[in-house]
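Undergrad:
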């Protein structure tokens with residue numbers, strides 16, 4: 002798998018999958034699903050028809066998670082009242098199984114759970 006540096010301590014894979022919803026734990030610990038879409042203004046109030054994009058991202062500790070961004074350099078709108086962000090770093094259990102399958106097909110990953118979040122490591126890397 003080929004990784005490219007995107008920020009200090011973060012590497013990303015070029016493989017992408019479309020994402021239309023995201024599960025996020027609320028203050029009581031209950032996982033809630035929120036709609037996400039790509040928007041092009043910071044204060045956008047309405048959703049667009051363009052979904053967000055997820056890609057694999059690896060940190061310095063070799064843990065692999067997901068990075069969700071807007072398509073075509075757009076921003077990501079999360080839920081009706083949660084706001085607009087440039088990117089979201091999250092775990093595999095926050096997106097659909099179909100998106101995870103598209104991103105991880107053909108890759109040799111070992112999944113593990115850490116504080117109710119599912120992350121991965123490349124097989125053979127310690």
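In this note's numbering, the protein residues as written are 2 to 127. The C-beta atom is built at its ideal place from N, Cα and C for all residues, glycine as well.
Tell me which residue opens and which closes the beta strand (DSSP E) that residue 91 is part of.
TA: Within the chain shown, numbered from 1, the residue matching residue 91 stands at position 90. Counting along the chain, the beta strand (DSSP E) containing residue 91 begins and ends at 88 to 91.
Undergrad: In terms of residues, what are the limits of the beta strand (DSSP E) holding residue 16?
TA: Here the question's residue 16 lines up with position 15 in the chain shown. 11 to 20 is the span of the beta strand (DSSP E), which, as asked, contains residue 16.
Undergrad: Taking the alpha-carbon of residue 49 as reference, which of 28, 33, 27, 85 has the nearest alpha-carbon?
TA: Numbered from 1 along the chain shown, position 48 holds the residue referred to as residue 49. Looking at the Cα atoms, 85 is the closest of the given residues.
Undergrad: Where does residue 106 sit, in a helix, a strand or coil, going by DSSP?
TA: On the chain shown, residue 106 is found 105 positions in, with the first residue counted as 1. Residue 106: coil per DSSP, three-state reduction.
Undergrad: Taking the beta strand (DSSP E) that residue 123 falls in, what are its first and last residues?
TA: The count along the chain shown starts at 1 and reaches residue 123 at position 122. Looking at the DSSP string, the run of the beta strand (DSSP E) that includes residue 123 is 118 to 123.
Undergrad: Less than 7 Å between C-beta atoms, sequence neighbours within five positions excluded: which residues of the same chain meet that for residue 42?
TA: Here residue 42 refers to the residue found at position 41 when the chain shown is read from its first residue. Taken in chain order, the list of residues that qualify is empty.
Undergrad: In the DSSP assignment, find the beta strand (DSSP E) that holds residue 59 and state where it starts and stops.
TA: Counted from its first residue, the chain shown places residue 59 at position 58. Counting along the chain, the beta strand (DSSP E) containing residue 59 begins and ends at 53 to 59.
Undergrad: Out of curiosity, what's the CA-to-CA distance linking residue 66 and residue 19?
TA: Sequence index remark: in the chain shown, residue 66 carries index 65 (1-based). Sequence index remark: in the chain shown, residue 19 carries index 18 (1-based). Approximately 15 Å between the Cα atoms of the pair.
Undergrad: Work out the CA separation of residue 26 and residue 3 for me, nearest whole Å.
TA: Taking the chain shown and counting its residues from 1, the one referred to as residue 3 is at position 2. Taking the chain shown and counting its residues from 1, the one referred to as residue 26 is at position 25. When rounded, the distance between both Cα atoms is 31 Å.
Undergrad: State yes or no: is the C-beta of residue 53 within less than 8 Å of the C-beta of residue 38?
TA: For the purposes of this step, residue 53 is taken as residue 52 along the chain shown, with counting starting at 1. For the purposes of this step, residue 38 is taken as residue 37 along the chain shown, with counting starting at 1. Their beta carbons are under 8 Å apart, which means residue 53 touches residue 38 by this criterion.
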